[in-house]
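Position 69, counted from 1, in the sequence shown is what our numbering calls 70; the numbers after and before it change by one each time, with no gaps. Everything below concerns the one structure shown next.
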Amino acid sequence: MIAPGARRIAPGAMLGVLGGGQLGRMFAMAGHRLGYRVAVLDPDPDCPAAGVANIHIRAALDDAKAWDALAGECAAMTIETESVPAEALRYFGARMPIAPGERALYIAQDRRREKHFLSTNGFATAPYREIEAPSDIEAHGVDALLPGLLKASRFGYDGKGQHTVRSRRELVDAAQQLGGPGVLEQRVDLAAELSVIVARSADGRTAVHPVPLNRHVAGILDLSVVPAQLPQDIRSRAVAESLRLATLLDYCGVLCVEFFLTTEGALLVNEIAPRPHNSGHFTLDACHTSQFEQQVRTLAGLPLGDPGLVMPQQGVAMVNLLGQLWADGEPCWNEALSNPNVRLHLYGKSTPRPGRKMGHLTCMADSVTDAQVLASRIRAASQPAAIS
Ligand code: AMP
Numbered sequence: 002m003i004a005p006g007a008r009r010i011a012p013g014a015m016l017g018v019l020g021g022g023q024l025g026r027m028f029a030m031a032g033h034r035l036g037y038r039v040a041v042l043d044p045d046p047d048c049p050a051a052g053v054a055n056i057h058i059r060a061a062l063d064d065a066k067a068w069d070a071l072a073g074e075c076a077a078m079t080i081e082t083e084s085v086p087a088e089a090l091r092y093f094g095a096r097m098p099i100a101p102g103e104r105a106l107y108i109a110q111d112r113r114r115e116k117h118f119l120s121t122n123g124f125a126t127a128p129y130r131e132i133e134a135p136s137d138i139e140a141h142g143v144d145a146l147l148p149g150l151l152k153a154s155r156f157g158y159d160g161k162g163q164h165t166v167r168s169r170r171e172l173v174d175a176a177q178q179l180g181g182p183g184v185l186e187q188r189v190d191l192a193a194e195l196s197v198i199v200a201r202s203a204d205g206r207t208a209v210h211p212v213p214l215n216r217h218v219a220g221i222l223d224l225s226v227v228p229a230q231l232p233q234d235i236r237s238r239a240v241a242e243s244l245r246l247a248t249l250l251d252y253c254g255v256l257c258v259e260f261f262l263t264t265e266g267a268l269l270v271n272e273i274a275p276r277p278h279n280s281g282h283f284t285l286d287a288c289h290t291s292q293f294e295q296q297v298r299t300l301a302g303l304p305l306g307d308p309g310l311v312m313p314q315q316g317v318a319m320v321n322l323l324g325q326l327w328a329d330g331e332p333c334w335n336e337a338l339s340n341p342n343v344r345l346h347l348y349g350k351s352t353p354r355p356g357r358k359m360g361h362l363t364c365m366a367d368s369v370t371d372a373q374v375l376a377s378r379i380r381a382a383s384q385p386a387a388i389s
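Put into structure tokens, the structure is as follows:
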């Protein structure tokens, strides 16, 4: 594998990204800002990154012919989704610098491998058991994990492929619905959720963004606030665990580690994402260097940027704008656009669906509480029904 950093890739070169969702779009925008061109692979002609990339190859992420075409154009390759087959990174890694590496993707894209990796390396997780066959459900110890969540091993995100199960009966039904391997996780009592976004260069340098406190609604991230109002030792432990994880993976690129803080005070790793993460979107407006710019820098072998807040004394809140906000037509952005403390980001998606991430708002105020109140108010005011 060719590691980024072995050779610095100069602006003007073409950077490739596998996947053209909003994360690919924001990667492309960050790449352009530093003078790079960007090529994207995604089957959807209207994918969010298509509108901004220099080249859009319309093909499936596992289309080997499309990999050849992309390899002919690009100087380095990254990803924006775990749905990319790990073989794709093996292919590109033999030809050009890649970030992240194949191993990190291979582990992070499958919950069973991820949990196994975490537990064998001494990271605390929610108690779990792999469920592959009906006999696993009959096995001793399953009852101790109920009530729990049965999560699909692959392709689950934003709460998709997840079933709440309270009894063996429900577990059997859920496993049938899943139709493939999964992980049964005990439902833990959450005091808080937080995430750590680490940028790590090929030579092992790291930069960590301020830790956001996250709130999920129906399994989907709703709100991230910074600074996280959590004891400093919790934040420090989360950062230390994330750096240990990045080192163990010999990680290059941007890595997000999501944590649960339980009501009993335990800090558990929920999952890892080998890419920028929704909970790091505040970095676009609030930090000296965004998570997407760090992705560009780690890929191109450039020095890492300063991850810190531009206005450390301020509070920041990021709220997602989901498809349901479009239920009665295009939202009204007047308030969002006229308030100097609010930044509106729209991903250029033409088909809103409930739960689909269409954009986000980042709000700044004198305190985290004020920023959160502002974000909720502006989002509510954007609803078409709110206009009278
Ligand atoms: P995931 O896709 O696994 O990150 O789950 C989405 C969200 O569901 C999490 O951010 C939590 O809010 C909730 N959740 C997932 N697993 C658990 C669990 N074991 N116990 C309690 N809440 C959970």
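C-beta atoms are modelled at their ideal positions from N, C-alpha and C, and glycine is treated no differently. Quick caveat: nothing in here was measured; it's all calculated off a predicted structure.
The C-alpha of T207 lies about 10 Å from the C-alpha of P304. Between A229 and the set F260, D251, G220, the nearest pair of CA atoms involves F260.
Among the bridge pairs identified by DSSP, Y129 is matched with E186. Around the CB of D111, 16 or more other CB atoms lie within 10 Å, so the residue is classed as buried. Secondary structure of D367 (DSSP, three-state): coil. Closest in C-alpha terms to R59, from the list D69, L42, V53, comes L42. Distances between the C-beta of N342 and the heavy atoms of the ligand AMP are all 6 Å or more.
Within the model, the alpha-carbon separation for P277 versus A247 is close to 14 Å.
In its chain, beyond the 5 residues on either side, L310, V317 have a beta carbon closer than 6 Å to the beta carbon of A287. Sorting H164, T363, L262, R9 by C-alpha distance to the C-alpha of P148 places H164 at the top. Short note on A219: C-beta not closer than 6 Å to any heavy atom of the ligand AMP. Here the distance from the Cβ of L322 to the nearest heavy atom of the ligand AMP is not below 6 Å.
Under the three-pair Cβ rule at 8 Å, the stretch 6-17 counts as touching the stretch 76-90. Annotation for A337: V343, L345, L362, I379, S383 place their beta carbon closer than 7 Å to its own, counting only its chain and skipping 5 residues before and after.
For E81, same chain residues with a beta-carbon under 8 Å away, outside a window of 5 residues either side, are V18, L19, G20, G21, G22, L24, G25, F28, A50, R276, P277 in chain order. Following the DSSP letters along the chain, one finds N215 inside the beta strand (DSSP E) bounded by residues 214-218. L347 has its alpha-carbon roughly 36 Å from the corresponding atom of A125. For L246, the secondary structure class from DSSP, reduced to helix, strand or coil, is helix.
Closest by C-alpha distance to A95, out of H141, R170, D69, is D69. When the five nearest sequence neighbours on each side are left out, the beta carbons in the same chain lying within less than 7 Å of the beta carbon of K152 are those of R112, G162, Q163, G183, V184, E186, in order along the chain. Straight across, the Cα-Cα distance linking M97 with Q177 is about 42 Å.
Annotation: the stretch 322-355 contains the following complete segments of the alpha helix (DSSP H) (minimum length 4 residues), in chain order: 335-339. CA-to-CA, the gap between S202 and V39 works out to about 20 Å. Cα atoms of G356 and L224: separation of roughly 14 Å, rounded to the nearest angstrom.
Taking a C-beta distance under 7 Å as the contact criterion, R238 and V212 do not qualify as a contact pair.
As a beta-bridge residue in DSSP terms, C288 pairs with L310.
Per DSSP, the unbroken alpha helix (DSSP H) holding I108 starts and ends at 103-109. Around the beta carbon of H141, a 10 Å sphere encloses fewer than 16 other beta carbons of the protein chains shown; the residue is thus reported as exposed. The Cβ atoms of A109 and E133 lie no closer than 7 Å to each other. Considering only Q233, E265, A274, D234, the residue with the shortest C-alpha distance to L250 is A274. Under DSSP, the beta-bridge partners assigned to S196 are E259.
The shortest C-alpha to C-alpha distance from M365 to any of A301, V240, V227 is the one to V227. Cβ-Cβ distances below 7 Å link V85 to L19, G20, L62, L106 in the same chain, with the five nearest sequence neighbours on each side left out; the list follows chain order.
For the stretch 27-82, the full-length beta strand (DSSP E) segments reaching 3 residues or more read 38-42, 56-58, 77-80 along the chain. The beta carbon of E131 sits no closer than 6 Å to any heavy atom of the ligand AMP. Taking the Cβ of R188 as the reference point, at least one heavy atom of the ligand AMP falls within a distance shorter than 6 Å.
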